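Chemist: I'd like to ask you about the structure that follows.
Residue numbers (the working numbering): 1 to 421.
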């Protein structure tokens with residue numbers, strides 16, 4: 001790397017103005033350290049504000065063990081973060097900003113006004129009052145030195161370099177790149193010996209490849225009161241009840257998002273063939289009840305009228321049977337009854353990561369020490385969605401972002417103290 005001139009100097013640089021970066025900045029400022037926050041966008045918190053458009057779901061009120069289990073294979077890595085800053089601590093912290101919260105019927109926690117903007121405004125006011133300085137339209141490009149003490153930024157006035165005693169990277173994942181996080185950080189880190197995994201979509205929809213007839217008639221239709229089963233490695237089906245949405249391309253919605261990780265991972269092992277999931281169109285009825293109703297004498301009624309009368313299968317549910325079954329399968333009543341309880345649906349691929357609510361992949365936890373500092377890059381810390389973890393919607397994503405930002409900020413503070421100031 002070439003030498004650089006005209007270097008600005010700051011004490012600590014935090015790159016990324018989302019919840020993780022802002023929380024790291026708050027922890028550092030509370031410790032009496034001067035903090036400069038750099039973000040590529042014209043303003044901070046853009047994805048945070050987008051997440052709040054449908055109602056700002058901050059966290060969840062369920063018991064701690066159930067909460068931690070939502071992080072799946074990364075639960076053990078997330079556990080120390082939540083031990084430092086859990087859902088209850090997040091609620092208290094929000095109250096400290098002058099924003100009250102309530103628990104909804106689903107157990108999710110929201111601000112009383114359901115909005116993200118007032119909370120963000122109060123937080124930024126507090127950060128600025130504590131001395132945090134913000135630099136907008138500064139896109140991090142990596143380092144200008146062989147070590148990791150000088151960062152390069154692209155700015156509206158050209159490239160500039162900033163020397164820092166410590167650096168916190170909170171650049172986000174790769175979903176919704178128009179809001180600022182595009183995953184470009186991973187090759188930079190990989191070149192420095194940091195273990196990373198490619199970003200992949202999480203909490204996402206999937207392409208199916210509907211017929212034109214089905215897509216034109218039912219795109220936009222909700223599929224309510226169903227259960228979806230996803231096979232595990234041994235073929236056993238794991239079921240979850242909820243609702244989802246038919247799109248012109250495939251299927252999405254809350255139930256699909258909750259199952260997106262195992263569906264995505266099964267597709268990844270299929271060598272391009274896609275993967276089957278199974279839909280129970282009548283979860284309120286047992287398999288025996290469904291079979292009895294299907295086989296019940298129907299007289300002169302059509303099979304469609306019979307299914308509507310006996311099992312309340314109409315609209316998109318009835319159409320799905322026609323879409324997914326052959327004429328022979330639909331005409332065999334025993335097969336039809338079995339498929340109503342477990343209708344195979346071949347999903348082809350996840351929707352593009354640009355459309356996903358969040359992403360998996362990123363920096364491996366194994367690349368960090370307990371303070372969230374890179375083992376390969378002393379003085380550089382990492383937080384938020386750029387770490388390799390994922391969670392369903394319901395406040396789990398935000399909670400872990402806040403917690404990891406606090407741990408990284410406190411880690412940087414401790415590291416600076418060890419070095420004499």
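Cβ coordinates follow ideal geometry from the N, Cα and C atoms, glycine included.
These figures come from a predicted structure and were not determined experimentally.
Under 7 Å Cβ to Cβ from residue 415, same chain only, skipping five residues before and after it: list those, please.
Modeler: Contacts found: 166, 371, 373, 379.
Chemist: Select from 170, 196, 98, 399 the residue whose C-alpha is nearest the C-alpha of residue 62.
Modeler: 399
Chemist: Using the three-state DSSP reduction, which class does residue 140 fall into: helix, strand or coil?
Modeler: strand
Chemist: Can you tell me whether residue 331 is helix, strand or coil according to DSSP?
Modeler: helix
Chemist: Taking the CB atoms as reference points, tell me whether residue 191 and residue 181 lie closer together than 8 Å.
Modeler: no
Chemist: Reducing DSSP to helix, strand and coil, say where residue 390 ends up.
Modeler: coil
Chemist: Express the C-alpha separation of residue 159 and residue 347 in angstroms, rounding to a whole number.
Modeler: 45 Å
Chemist: Taking DSSP's pairing of strands, which residues face residue 159 in a bridge?
Modeler: 154
Chemist: Does the pairing of the region 35–44 with the region 7–24 give three or more beta-carbon distances under 8 Å?
Modeler: yes
Chemist: Indicate whether residue 225 and residue 283 have their beta-carbon atoms separated by less than 8 Å.
Modeler: Yes, the pair counts as a contact, with Cβ atoms nearer than the cut-off.
Chemist: Determine the DSSP secondary structure at residue 125, reduced to helix, strand or coil.
Modeler: helix
Chemist: To the nearest angstrom, how far is the alpha carbon of residue 58 from that of residue 115?
Modeler: 10 Å
Chemist: Are the CB atoms of residue 162 and residue 367 nearer to each other than 8 Å?
Modeler: no
Chemist: From the DSSP output, which residues share a beta bridge with residue 56?
Modeler: The partner list for residue 56 (beta bridge, DSSP) is empty, contrary to what the question assumes.
Chemist: Using three-state DSSP, classify residue 210 as helix, strand or coil.
Modeler: Look at residue 210 here: in three-state DSSP terms it is coil, with no helix or strand label.
Chemist: In terms of residue numbering, what span does the beta strand (DSSP E) encompassing residue 256 cover?
Modeler: Residue 256 -> not in any beta strand (DSSP E); alpha helix (DSSP H) instead, spanning 254–258.
Chemist: From the DSSP output, in three-state form, read off residue 428 for me.
Modeler: Since the first residue of the chain shown is 1 and the last is 421, residue 428 is not available in this structure.
Chemist: Quick one: residues in its chain with C-beta nearer than 7 Å to the C-beta of residue 85, no 5 flanking neighbours on either side, listed in chain order?
Modeler: 402, 403, 406
Chemist: Does the distance from the C-beta atom of residue 255 to that of residue 230 stay below 8 Å?
Modeler: It is not a contact, given that the beta carbons lie outside the stated cut-off.
Chemist: Cα-Cα, which of 135, 274, 393 is closest to residue 209?
Modeler: When each option's Cα is compared against that of residue 209, the closest is 274.
Chemist: I need the straight-line Cα distance from residue 99 to residue 109, nearest angstrom please.
Modeler: Taking the straight line from one Cα to the other gives about 12 Å.
Chemist: Where does the unbroken alpha helix (DSSP H) through residue 402 begin, and where does it stop?
Modeler: 396–418
Chemist: On the criterion of 16 or more Cβ atoms from any shown chain inside 10 Å, does residue 314 qualify as buried, or is it exposed?
Modeler: Residue 314 counts as exposed, since fewer than 16 other C-beta atoms from the protein chains shown sit within 10 angstroms of its C-beta.
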